[in-house]
Amino acid sequence: MKHIFIINPEAGHSSALESIKGQLSELGVLHECDVYVTASALDATEFVRKKCANEPNETLRFYACGGDGTINEVAAGLVGNENGELAIYPCGSGNDYVKCIGGQERFMNIGRLMSAPSKPIDMMSVCGRYGINVCDFGFDAVVAQTMIDVKRKKLIGGKNAYRTGLVKAIFCGRRNRCRVIVDGEEISEPSNGKMLLCTVANGQYVGGEFKCAPLSANDDGLLEVCFVKPISLFKFLKLLPVYTVGGHLEDESFKDIITYRRAKKVEVHAYSEDFGVCIDGEMTKAGCFTIDVLPGAIKLVIPE
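Residue numbers (the numbering used here): 251 to 554.
Structure below.
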């Protein structure tokens, strides 16, 4: 097995390069491992695909060293490549995906990662791309775009970026329009498609702390779909703490505003061709698109 560390120098508050090299030196394996520092967006995806294609008979363990965007890029490169595995060294700002599989600390010991087993997990196909955690649109997409805009700024960026995005979306992103069809059933209002937000999840968390899909499992072959109708600002602020801790599927206050489904396919028909769609924290634009689950698409390394 070959161990390949893919490092995003822009993730988190500082580059993890020296820290990772230090751990590899202490383990005495620095010269046995490959270290690749990404240079641009989607660089990691292309690197992984080429590496897997060039060494088809070798088991390659790729370590995504960064945040959810880095994990997404490495995972996307592994789809269709049986000889590759995803290991996660979560040193980004939010680290949402690992929260549903034991939390950040579980993955910060490189020695344990190198010896841990792997297992198949699901991925999502959406807008010609792949997702591993959450695809969301509506209110959440306004939040995500703002996060991207401010993440490098002091005070309002970094781990505060989601809260900054939240404030902006409260004023600019509470009225959205699209039709959402889940395994053939339309869950939006056919006459107007008005909504607050919709999340389609393979993981459980978004925005660094919000448990949007508390029942989700990354290996059950299903997507968790949560559609939320528009609500007043007062009700939004009242219900936000419940949503934050993942209580919205059980709390009676949400009964009339949430439609929840488990599904294999979600079709979205927006009222605009530049409708914002967020895939694992990264933004794209689309008019009509489909989200499909890809059962057991890649292998994920899970420390005991």
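Here a beta-carbon is modelled for each residue, glycine too, at the ideal position from N, C-alpha and C.
Through-space distance from residue j to residue i, alpha-carbon basis
i, j, result
"Lys505", "Arg356", "35 Å"
"Ala419", "Ala513", "28 Å"
"Ser375", "Ser503", "33 Å"
"Arg311", "Asn331", "12 Å"
"Gly381", "Val329", "11 Å"
"Gly443", "Cys538", "13 Å"
"Val551", "Asn345", "16 Å"
"Asn383", "Val279", "31 Å"
"Ile338", "Ile256", "10 Å"
"Phe421", "Val478", "17 Å"
"Leu447", "Ile507", "11 Å"
"Ala411", "Glu260", "15 Å"
"Glu554", "Ala366", "7 Å"
"Glu276", "Val400", "36 Å"
Continuous beta strand (DSSP E) stretch holding residue i: start and end
i, result
"Lys535", "Glu532 to Ala536"
"Asn304", "From DSSP, Asn304 is part of no beta strand (DSSP E) but of the alpha helix (DSSP H) over Asp293 to Asn304."
"Glu517", "Lys515 to Ala520"
"Leu336", "Gly334 to Pro340"
"Phe357", "No beta strand (DSSP E) contains Phe357, which DSSP labels as neither H nor E."
"Arg424", "From DSSP, Arg424 is part of no beta strand (DSSP E); its letter is neither H nor E."
"Ala314", "Leu310 to Gly316"
"Ser375", "Ser368 to Val376"
"Thr595", "Only positions 251 to 554 of the chain appear in the structure, and residue 595 is not among them; the question remains open."
Cβ neighbour criterion (16 or more within 10 Å) applied to residue i
i, result
"Tyr521", "exposed"
"Cys315", "buried"
"Leu363", "buried"
"His281", "exposed"
"Leu274", "buried"
"Val475", "buried"
"Gly272", "exposed"
"Met373", "buried"
Boundaries (first-last residue) of the alpha helix (DSSP H) holding residue i
i, result
"Tyr493", "Leu483 to Thr494"
Assumed close pair residue i, residue j - CB separation to whole angstroms, cut-off 8 Å
i, j, result
"Gln395", "Met533", "5 Å"
"Val285", "Gly327", "That belief does not hold up - the Cβ atoms of Val285 and Gly327 are roughly 17 Å apart, past 8 Å."
Spell out a yes or no on whether the stretch 309-329 and the stretch 278-297 are touching, meaning 3 or more CB-CB pairs, one atom from each, closer than 8 Å.
Judged by Cβ distances under 8 Å, the stretch 309-329 makes contact with the stretch 278-297, as three or more pairs qualify.
Decide if the stretch 519-530 is in contact with the stretch 381-390; the criterion is three or more beta carbon pairs, one per stretch, under 8 Å apart.
With a cut-off of 8 Å, the stretch 381-390 and the stretch 519-530 count as touching, because enough Cβ pairs lie within range.
Could you tell me whether the stretch 423-443 touches the stretch 460-468, where touching means 3 or more Cβ pairs closer than 8 Å?
Segments in contact, no.
Using 8 Å as the Cβ pair cut-off and three pairs as the minimum, do the stretch 400-415 and the stretch 485-498 touch?
Verdict: no, contact absent.
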